[in-house]
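There are 6 protein chains.
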Amino acid sequence: MFSKGSNINLDKANVLIQALPYIQKFNGKTIVVKYGGNAMINEDIKNAVIRDIVLLNCVGIKIVMVHGGGPEINGFLNKIGKESKFVNGLRVTDEETMDVVQMVLSGKVNKDLVALIGRNGGQAIGLCGVDAGLFNVKKHVSNDGVDLGYVGDITNVNESVVRNCLDGGYIPIISTIALGQEDGKVYNINADTAAAELSVKLNAEKLILLTDVPGLLRDRNDENSLISEVKYKDIPKLIDEKIISGGMIPKIECCTNALKGGVKSAHIIDGRILHSILLEIFSQDGVGTMLS
Amino acid sequence: MFSKGSNINLDKANVLIQALPYIQKFNGKTIVVKYGGNAMINEDIKNAVIRDIVLLNCVGIKIVMVHGGGPEINGFLNKIGKESKFVNGLRVTDEETMDVVQMVLSGKVNKDLVALIGRNGGQAIGLCGVDAGLFNVKKHVSNDGVDLGYVGDITNVNESVVRNCLDGGYIPIISTIALGQEDGKVYNINADTAAAELSVKLNAEKLILLTDVPGLLRDRNDENSLISEVKYKDIPKLIDEKIISGGMIPKIECCTNALKGGVKSAHIIDGRILHSILLEIFSQDGVGTMLS
Amino acid sequence: MFSKGSNINLDKANVLIQALPYIQKFNGKTIVVKYGGNAMINEDIKNAVIRDIVLLNCVGIKIVMVHGGGPEINGFLNKIGKESKFVNGLRVTDEETMDVVQMVLSGKVNKDLVALIGRNGGQAIGLCGVDAGLFNVKKHVSNDGVDLGYVGDITNVNESVVRNCLDGGYIPIISTIALGQEDGKVYNINADTAAAELSVKLNAEKLILLTDVPGLLRDRNDENSLISEVKYKDIPKLIDEKIISGGMIPKIECCTNALKGGVKSAHIIDGRILHSILLEIFSQDGVGTMLS
Amino acid sequence: MFSKGSNINLDKANVLIQALPYIQKFNGKTIVVKYGGNAMINEDIKNAVIRDIVLLNCVGIKIVMVHGGGPEINGFLNKIGKESKFVNGLRVTDEETMDVVQMVLSGKVNKDLVALIGRNGGQAIGLCGVDAGLFNVKKHVSNDGVDLGYVGDITNVNESVVRNCLDGGYIPIISTIALGQEDGKVYNINADTAAAELSVKLNAEKLILLTDVPGLLRDRNDENSLISEVKYKDIPKLIDEKIISGGMIPKIECCTNALKGGVKSAHIIDGRILHSILLEIFSQDGVGTMLS
Amino acid sequence: MFSKGSNINLDKANVLIQALPYIQKFNGKTIVVKYGGNAMINEDIKNAVIRDIVLLNCVGIKIVMVHGGGPEINGFLNKIGKESKFVNGLRVTDEETMDVVQMVLSGKVNKDLVALIGRNGGQAIGLCGVDAGLFNVKKHVSNDGVDLGYVGDITNVNESVVRNCLDGGYIPIISTIALGQEDGKVYNINADTAAAELSVKLNAEKLILLTDVPGLLRDRNDENSLISEVKYKDIPKLIDEKIISGGMIPKIECCTNALKGGVKSAHIIDGRILHSILLEIFSQDGVGTMLS
Amino acid sequence: MFSKGSNINLDKANVLIQALPYIQKFNGKTIVVKYGGNAMINEDIKNAVIRDIVLLNCVGIKIVMVHGGGPEINGFLNKIGKESKFVNGLRVTDEETMDVVQMVLSGKVNKDLVALIGRNGGQAIGLCGVDAGLFNVKKHVSNDGVDLGYVGDITNVNESVVRNCLDGGYIPIISTIALGQEDGKVYNINADTAAAELSVKLNAEKLILLTDVPGLLRDRNDENSLISEVKYKDIPKLIDEKIISGGMIPKIECCTNALKGGVKSAHIIDGRILHSILLEIFSQDGVGTMLS
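Residue numbers (our numbering), protein chains in the order written: chain A, 1 to 292; chain B, 293 to 584; chain C, 585 to 876; chain D, 877 to 1168; chain E, 1169 to 1460; chain F, 1461 to 1752.
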């Protein structure tokens, strides 16, 4: 990484040395990263995310990735001439759609991430919620009585297969499908929720949600109004003030549940920024919003 | 399993007792099962195969399943209006086809098998050759110079992820795709070959190929002409006599390679027979052809 | 175990598959079996009991056997011209008798059981309460002041030697003699009590008392009046109603103590029925009386 | 152990300190002691032997005891009115005799030794050659064609159960009966041979035969003619000179076999001397004859 | 250790046997010995102390030594022409003095002890409070406001490095310097206190302070007035009665803190007596004062 | 390490990512660093060296430091009015000098390095060659017959204490004194040699000698004539050409011995350059001379 005889080398060495206290702080700790949305589509960003993950694993941090894959699912449904339908942000999932969801998430997106980690020198294992009974679900019942089909709510997390992977030095990459505990059918589950529940079971140090917003903004239209840190007890007030609203509410709820379950901090960061995970973990202020 | 007050109970207990020497013989040993073809399509047979697998795992045998999924791939290609093309029995695999192969094998067939094992009380982990670098391949070069696209020949087997699963008590289920060592692209690989090479690396006791023929027949048209046992050294003569011919030749070659690599015995059995795996392992004569 | 080309094979395989949920249920659990009385004398039954034990060990159940040997002791006392005397069901045990008890139980009955397990492919270790201080006793004081000699009541159970055997994969077979904690002499102890106390210390799932009655009968003279299941809290009432009476009272007390100590269920079953242990463990209803 | 205010204390402390280099030398090493004959009958000597054993175990030496019990067997046979018959020093062992041998050795002598160790604060496990298949035998065929009955020659030693005991910190006490590999019957085996073969399998540092002679004497009638040390290669000459003769020949053969098998030294010492084991291990010259 | 053909051998063996119950009692237990003062200067006594330590380690006791080195420090300060100053028994420690303290304690006294253990066949590791953060301190504030310089009070004990040594079978020898938690400078700490705090963290069985007095005397001028045993609750009364006074008060406080922290007994013994450690541990009455 | 809202952040993240392949390459490998001379005196450089060491430990490299301390020894000898004498580059070491060497190396330089690592968040253990018998030596005999006193040549390396430290996650810091195997006295040993011999015993990946020259120069007076890489077989020629000469000869010999012993590469680098260790390990070309 150093060029021969150049002054820039010392600067680079200094950067490594600056990283030392952060590496020491998180050594042996577990961090769960939820990865989805646009950050998964741009190839440059995807490469940067994966390198961050491999680096963290390499310096002794136990890293777990939970991913979604909405755009890829839509693309494939389109290919077979099937329309994507959503009710209240949840995908209406009939049997044929569920088959596509399962295939695209667990067969395409998941294994492509595993392959990308492999090409960067890491060793990943691609799992889904069905593997070794990682997640169990029951059918989601929506408030307004609409039948969403194979959409499930998590009822049980059996994290031992993830621990087994981490203890072996592997990076577990987890797609969000799971078995219904009553009918044994495969269901689609929400990736934010899955990441949050898993982070609790793994006694994780951090939960990081990679999104395509800069974090929590005091003024939605002003990116400079980013709130860097939010205390757990201030959330109701922020909801009252409509600063937390819309699609941010369920994300904040996931974070809150993780914190209640013992996770030290939860982060909503902008996955579109190159190396945003490193920037968040290896700096004092971070790049998004930290809840604690 | 026993009905109250019925004479049949003692008979059932006796069956369990008869199984004892076979369980003792294979306790702690590894058996690799290649599963594919029609045995995967009929639901009753699939259920029976899976229960056999779970039972073997449960009585202390380390069981690994390697699977294909040709019919499902064809079905899905058909769905997106793409024709399946084969040259010398190998699928011509362009990039779009490879995407479908990857999704169907690793996302659909693989995770469905994992789910089925879960519903039968076992704990499986669905892997593919990409996970933790299990298989590496180079592009297959056919004798007649036809470019088959993303079809690969195995160059390296890194079985540690499979051992990690077995040591954790899990049943690894493996779909046959793998990374090209030069271009880092995903390739399709032959499931019989993958199973054979893996069985060698795992020092397996047995390699079992579940097929849709009764085994090796002396007279192809007479199912009663089954050859129960073949010695390794007699294979060239059987090829000369055309008793081994056609699609049986590569299967026999896989078996031979496994035997050369230290696997104790290789079995070609009829996956269409209910519980054929149990019948083969738990009996003196078995139901197909055993090579040793 | 399967005969070539016979229809009966599928039936046998189905029996194994039916056993699967029971094997899964008890995998890794500990079961303590008290073995004694007539079930020990008939050679066919003894063989069946031992095969049941070996099978259970082989499918991953941790099995411990505690045995008595009254008839063999009587036989040997007779041989040296010494009469067997009993007070309230307890053997009057002078020093010479104690020598015979020790020799017959720990040297003959115990090692014969170990040998029988060995001949059936299992690996047993024959222990007594003296080995590594497994049981300590004090002299039994009878209510009516009769001096029974070397009859002891258990004061301490140090189960670590049994755990050591189980962890090594061995089947511990335990004869019921133990050291007096005050005089360091060898004492005779009750096998039902020893089995019950040991089952508590081992956090056993089940305690099974193999007897020569069908279980608890509502009408002593009608074998069809078997009570399949008794709840712990109903026992006093059954004693009031004289349904539990005589020699059944101490057996029920042992079971009750085991249940109080955390053992999940206690079973009084008819050891004269072939494979009664398998029938009890591997079926919904069982063959005797289950207390829970 | 020290008396208050007495000059003798320093002397005692000095004795402990003198033992230090010997303890360091044998720490973690395995020593197999064959114990039998008159040293087993005198209670004072028996107590001294057992305390030596417990002390050695306590200072980190892995100690294994193999014992006989001829006099006790004779005593018991006499009790049931049966004569002890010997041919060429081997007991003629019919089925009834074998029963007595088994009971007395494994039930009486063995468990009494275990109890004695327990009373001295050690933890012993009483095993015989039948336990976990420790020894297998075939029927002994005598040179002159006399049928000795159940007398066996060792064909196989499976020492894993002994290692399991040693690893658990226990002292294994082993009585010399074993299963016939062909008929599954129990046989009587020679204790010197059993100790020698076991010492080889355990990679023992020393094999010690406790006898009732002072060791190897240059002149049988002069106890002062003791040969302290014999080199392996000098044995044939000593046999030629009739210095090794009679009952000493098989003992020397056992020692030779142990040495050939890798045991560092073999010792024939006088079990009638109090603490002869300590004296042999913890001193430069020892008290008997050392072969190396 | 035994001379050939001498009557004294049996006596020596008997001494070893007398040690047995004491070895059994402390096997696997941890004993922390504070070593300092005159007992460190006389070479004969030093050799005796070290042999005691090596012997205890060799018979399975986990032994930890904490040492001081006042006389050696004074000697060296003298060599560089620097006077030793004390206030209330504490060394006034300026930076140059601290350098000497560090060098003499950790470089000379400590490694000389390690070497002496090595020459006696033991394996020691020489540590100080700086190694792996074993002790942290803050600057000591004296009651009368005198600035003593680099004299520290322990604020934290991180005993994991000591456990690591003990688990590896090594004898940790610890010199009493430590890092200031605020300024990161090296401080001098009190060895009695360090030994007491460490004994608590290690759940030690015993804390032994080797001093140059016979123990606690009822009449300071009469060595025959030694109090062999003091109960914890009687200490205030003994202070009231001035039986505990002067330099004995802080020593008794260290012992009291150890006892409060769970250490079973604390001993103040006369290090000038040869083998006083053995005499204390291996006898009923001991040679000094035991607090419990 | 990242400043809020600054462009420089991405550059820093990129530096970390560039380090990834080097971290992956050396993960779990052992690197032995010899540290001495001027690089130990300048505080800024010392801090940089220590941070490099802590960083390497933190990213999963097993790092061992062997140090000298000539200038500090000279300084202290000076303080007590004793002159430093050298013959052929070796210190004439009488008993008083040896005492100072031992104290300064093991008590001052060693523990100061340990403290510095502690202040940078690492956990080090300060050892010397005496600890647990790490190095044994015999008295050095110089070619010209001059008696150098306590100067030793290594005769034995018992690296188990170092492995024990590395397995516990600690950084072993080793000062170069050792016991004479014949007289049990403490000797001074050469640090380059000690580092080289230890690197062989630890199967190290790299041996790095931190010196105060830029490496091997083709023209001693031209720092731009640095030879970046030397093949093992070319060394004799370089000696012939006088390119390797003077004090460089023993250093090259140490490197050669390490390479012969299986160490993958040996490096002579300029310790005066800030972060020279990182620059050497984390770059293609390095900053000094690599021998392989």
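By construction, the Cβ of each residue, glycine as well, lies at the ideal position given by its N, Cα and C atoms.
The alpha helix (DSSP H) that contains Gly1535 of chain F, what's its start and end? Gly1530 to Lys1539
Sorted by chain position, which residues of the same chain lie with C-beta nearer than 6 Å to Ile899 of chain D's C-beta, five sequence neighbours on each side aside? Val935
Check whether the Cβ of Val1519 of chain F lies closer than 8 Å to any Cβ atom in chain A. Cβ-Cβ to chain A under 8 Å: yes for Val1519 of chain F.
Completely contained alpha helix (DSSP H) runs for the stretch 1357-1412 of chain E, where each covers 4 or more residues: 1359-1369 and 1403-1408
Gly1236 of chain E, buried or exposed, once every other Cβ within 10 Å from all chains shown has been counted against 16: buried
For Asn158 of chain A and Leu134 of chain A, I'd like the C-alpha separation in whole angstroms. 5 Å
In angstroms, rounded to a whole number, what distance separates the CA positions of Asn1474 of chain F and Gly37 of chain A? 23 Å
At a Cβ cut of 9 Å, what residues of the stretch 992-1005 of chain D count as close to chain E, listed as they run along the chain? Asn996, Gly997 and Gly998
Is the beta carbon of Val871 of chain C less than 8 Å from the beta carbon of Lys790 of chain C? Contact: no.
Just to confirm, is the Cβ distance from Gly107 of chain A to Met357 of chain B under 8 Å? no
Buried or exposed: Ile333 of chain B, going by 16 or more other Cβ atoms within 10 Å of its Cβ? exposed
Beta bridge counterpart(s) of Thr322 of chain B as assigned by DSSP: B:Lys354
Nearest by alpha-carbon distance to Asp1262 of chain E: which of E:Asp1280, E:Asn1215 and E:Asp1315 is it? Taking Asp1262 of chain E as reference, the option from E:Asp1280, E:Asn1215 and E:Asp1315 with the minimal CA-CA separation is E:Asp1315.
So does Ser1433 of chain E have its beta carbon nearer than 7 Å to some heavy atom of the ligand MN? The model depicted lacks the ligand MN and carries no ligand whatsoever.
Going straight from the alpha carbon of Val963 of chain D to that of Thr973 of chain D, what length do you get? 15 Å
Of the residues B:Lys477, B:Ile565, B:Ile446 and B:Lys493, which one's Cα is nearest the Cα of Ala483 of chain B? B:Ile446
Can you round the beta-carbon distance between Val114 of chain A and Leu1480 of chain F to whole angstroms, since I take them to be within the 8 Å contact cut? Not really, about 18 Å apart at Cβ, beyond 8 Å.
Pro834 of chain C bridges to which residues according to DSSP? Looking at the DSSP assignment, Pro834 of chain C forms no beta bridge with any residue, so it has no partner.
Does the stretch 1051-1070 of chain D touch the stretch 1006-1021 of chain D, meaning 3 or more C-beta pairs lie closer than 8 Å? yes
Going along chain D in order, which residues have a C-beta closer than 8 Å to the C-beta of Asp683 of chain C? Lys984
Option nearest Ile1523 of chain F by Cα separation, candidates F:Lys1697, F:Ile1703, F:Ile1634 and F:Asn1538: F:Ile1634
Short Cβ contact (8 Å threshold) for Ile1145 of chain D with Ile1084 of chain D: yes
Residues sharing a beta bridge with Gly180 of chain A, DSSP: A:Val137
Quick check on Ser1141 of chain D: does DSSP put it in helix, strand or coil? strand
Determine the direct distance from the alpha carbon of Val684 of chain C to that of Gly654 of chain C, and round the result to whole angstroms. 11 Å
Taking only beta-carbon positions, decide if Gly752 of chain C is within less than 8 Å of chain D. yes
Any Cβ of chain F within less than 8 Å of the Cβ of Lys264 of chain A? no
Residue ranges of each beta strand (DSSP E) within the stretch 93-145 of chain A, 3 or longer: 124-128 and 135-139
Hey, quick one: how far does the alpha helix (DSSP H) through Ile625 of chain C stretch, first residue to last? Per DSSP, Ile625 of chain C belongs to no alpha helix (DSSP H) and is neither H nor E.
Just the Cα atoms here: how many angstroms apart are Thr1087 of chain D and Asn885 of chain D? 34 Å
State yes or no: is the beta carbon of Ile939 of chain D nearer than 8 Å to at least one beta carbon in chain C? no
Sequence-distant residues of the same chain with beta carbon closer than 7 Å to Gly845 of chain C, five excluded per side: Val784
Any Cβ of chain A within less than 8 Å of the Cβ of Leu347 of chain B? no
Can you tell me whether Ser648 of chain B is helix, strand or coil according to DSSP? Residue 648 of chain B is absent from the model: chain B starts at 293 and stops at 584.
Taking Ile1153 of chain D as the reference, which of D:Val1038, D:Ser960, D:Leu1114 and D:Ile921 has the closest Cα? D:Ile921
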